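Below is one structure, written out as structure tokens; the observations come after it.
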Amino acid sequence: MTDMAKGLSLPAKVALTALGAALLWTFGAFVLMAIRAIGYRYELDYGEGIVWHQARQLFTAEAFGDIHGFPAIVYHYTPFFHLLSNALAALGLDGLAAGRLVSLLSTAAFAVFAGLICRHFARQDGDRGWTVSVSAAIAGLLLLATYPVQIWSPLMRVDMLAFALSLAGFYFALRAFERGWLIHIAALAFVLAVFTKQTMIAAPAAVFLVLLLVRPRVAIAGIATCIITGLAALGILAWLTDGGFLRHVFLYNVNRFDPDRLGWILDIAGGHALIVAVGAVGFAARLPQLGTLWRDRWSTNADPKAAAQTMLGLYLILTTAMLLLVGKSGSSVNYFIEWLGLVCVYCGLAVHDRIAPSPDAAGERKRKMFGPEIVAGALAIQILILPSLPYANIDDPERNRELAALEAQIRAADRPVISDDMVILIRAGQPVLWESAIFAELASTGVWDEAPFVRLIEQRHFAFFVTAGERGDERFDERYNPAVAEALYMAYPARGLMGRRTVHRPG
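For the sequence shown, the numbering used here gives the first residue as 62, with consecutive numbering after it.
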């Protein structure tokens with residue numbers, strides 16, 4: 062290790078040291094944030110409450126039931142995350158803390174598999190030295206520094222588990238080039254990912270499209286495992302819920318398209334511009350290998366290294382195309398996480414290309430183009446200019462006192478309360494009867510008739526409402542269609558703020 066390190070210039074050593082220090086500092090801050098988030102009593106994100114409620118009701122008659130009329134709850138997601146959260150909660154953990162712990166452990170697994178994938182390709186280059194471990198560590202730790210991961214990782218949401226399973230499946234698929242039986246492990250991971258979040262198709266698509274060209278028997282075995290296990294799980298869930306599972310997951314999980322949200326792609330990519338640039342350098346260095354796959358398709362001479370590189374490149378391309386899904390109403394930064402995971406893998410490979418010993422003149426030229434001091438320095442600068450860690454309001458005593466007072470008022474209410482903050486409903490012992498965001502979508506498409514709910518509001522059937530903002534605010538207008546909003550403002554005209562939530566009362 063020492064001899065190899067001596068081959069690096071002083072600027073390269075300084076840049077790598079700065080990058081390492083920045084990554085370790087960010088990791089330490091991330092761990093502290095995660096510990097505080099697990100124990101926080103109240104909502105960190107809108108979606109936590111509905112996921113917690115779904116997990117609590119998963120084995121009841123309510124789950125995947127009829128949504129027409131009132132009360133009504135849509136079960137948006139396939140249930141693997143809910144099952145794991147319930148398993149941890151059964152050990153004595155608070156239900157919300159259990160769900161957040163699942164997400165945080167999944168985030169750790171996501172980062173580990175990003176590092177393992179980077180390590181796999183670095184070792185494919187013939188390197189067995191310290192540079193392999195360095196590049197793998199950069200890929201994994203850099204992922205934890207990205208803003209979407211920091212936002213999403215401590216939340217009781219399904220996404221981090223889904224991403225971790227997809228990356229795990231991809232890693233075992235790479236290893237299946239050497240040990241074919243591992244494709245079954247990969248296939249099971251892909252199925253679990255889909256049964257955590259039904260849109261997780263990019264990784265298996267990339268894997269099986271490439272394997273069908275170069276290892277058709279391995280591909281068919283993996284596809285068969287996916288089909289058999291997936292259909293079996295689908296059939297069992299459909300049977301247990303009298304078909305409700307299929308209706309909720311495929312028919313009721315709808316979103317309007319909002320083209321203004323596509324601007325998030327430039328915002329997130331621009332906010333991580335140096336990471337994207339270094340990742341592009343790593344991707345470009347591997348483009349020549351991708352072209353050999355088509356030439357050698359269906360051939361025993363197909364290069365496994367080129368096939369694996371193509372698989373990774375196709376995975377990145379597919380996740381890049383899927384960024385367009387951020388145009389769905391209600392979308393958030395979670396739509397960028399899987400893509401950023403692959404970009405970080407390529408960042409680790411870009412660093413590896415420049416610090417590993419070069420066996421030939423072509424390798425030396427690659428090292429000199431955008432040298433290690435540039436790529437490592439750019440990543441270090443990026444980490445320093447990224448936004449600070451989120452959820453500082455966990456330690457806001459005034460806000461927490463107001464939330465505790467609101468919780469007490471909800472607990473004392475003699476009628477149901479409708480709240481965008483569904484965590485506080487559960488804390489107060491009140492049932493979650495309706496979720497604003499999804500039913501605004503369903504009403505807008507005619508799947509759900511909002512007129513009976515409007516009449517309940519007009520009759521002041523509810524004690525009060527708790528919303529995120531007011532009319533004219535983006536979040537409020539997404540969650541409350543005009544008819545519902547008008548009835549709310551007429552029947553509950555008294556408004557005030559508590560814990561940064563708007564409380565609507567009859568007056």
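Backbone N, C-alpha and C define an ideal beta-carbon position, used for all residues, glycine too. Just so it is clear, the structure is predicted and the values come from calculations on it, not from any experiment.
State yes or no: is the C-beta of V412 within less than 7 Å of the C-beta of S196? yes
Which full runs of the alpha helix (DSSP H) of 4+ residues lie inside the stretch 510-541, going along the chain? 512-519, 535-540
Return the Cβ separation of Y541 and A512 in integer angstroms, given the expectation that the two are a contact with Cβ distance under 8 Å. Rounded, the Cβ-Cβ distance is 15 Å, inconsistent with contact.
Counting pairs of Cβ atoms below 8 Å between the stretch 257-267 and the stretch 220-234, do you hit three or more? yes
Mind checking who A555 pairs with in its DSSP beta bridge? R566
Within 10 angstroms of the Cβ of L445, are there 16 or more other Cβ atoms? Answer buried if so, exposed if not. exposed
Residue ranges of each beta strand (DSSP E) within the stretch 455-489, 3 or longer: 478-480
Helix, strand or coil for F131? Go by DSSP, reduced to three states. coil
Taking Cβ to Cβ, would you say S146 is nearer than 7 Å to A116? yes
Can the beta-carbon of V387 be found less than 7 Å from the beta-carbon of R476? no
How would you call G296, buried or exposed, if buried means at least 16 neighbouring beta carbons within 10 angstroms? exposed
Are G110 and M483 closer than 7 Å when you measure CB to CB? yes
At the level of alpha carbons, what is the spacing between W191 and A76? 17 Å
Within 10 Å of its beta-carbon, does L292 have 16 or more other beta-carbons around it, so buried, or fewer, so exposed? exposed
6 Å CB neighbourhood of I416 in its chain, flanking five on each side removed: T192, P433
Starting from the C-beta of C179, find all residues in its chain whose C-beta is less than 7 Å away, skip the five residues before and the five after it, and write them out in chain order. S196, A197, A200, V406, G409, L410
Among all the DSSP beta bridges, which residues are the ones paired with K74? Note: K74 sits in no beta bridge, so no partner.
Can you list, in chain order, the residues of its chain with a C-beta nearer than 7 Å to that of V339? Leave out the 5 residues immediately preceding and following it. C408, A411, V436, A439, L440
What separation, rounded to the nearest whole angstrom, lies between the Cα atoms of M217 and G402? 20 Å
For H137, is the classification buried or exposed, using 16 other Cβ atoms within 10 angstroms of its Cβ as the cut-off for buried? buried
Alpha-carbon spacing of R184 relative to P418, whole angstroms: 12 Å
Supposed close pair A336, P209 - CB separation, criterion 8 Å: A small correction: the amino acid at residue 336 is Ile; Ala does not occupy that position in the sequence shown. Actually they are not in contact, since the Cβ atoms of I336 and P209 sit about 11 Å apart, beyond 8 Å.
Cβ contact (3+ pairs, closer than 8 Å) linking the stretch 246-256 and the stretch 139-153: yes
Grouping DSSP H, G and I as helix and E and B as strand, with all else coil, what is F500? helix
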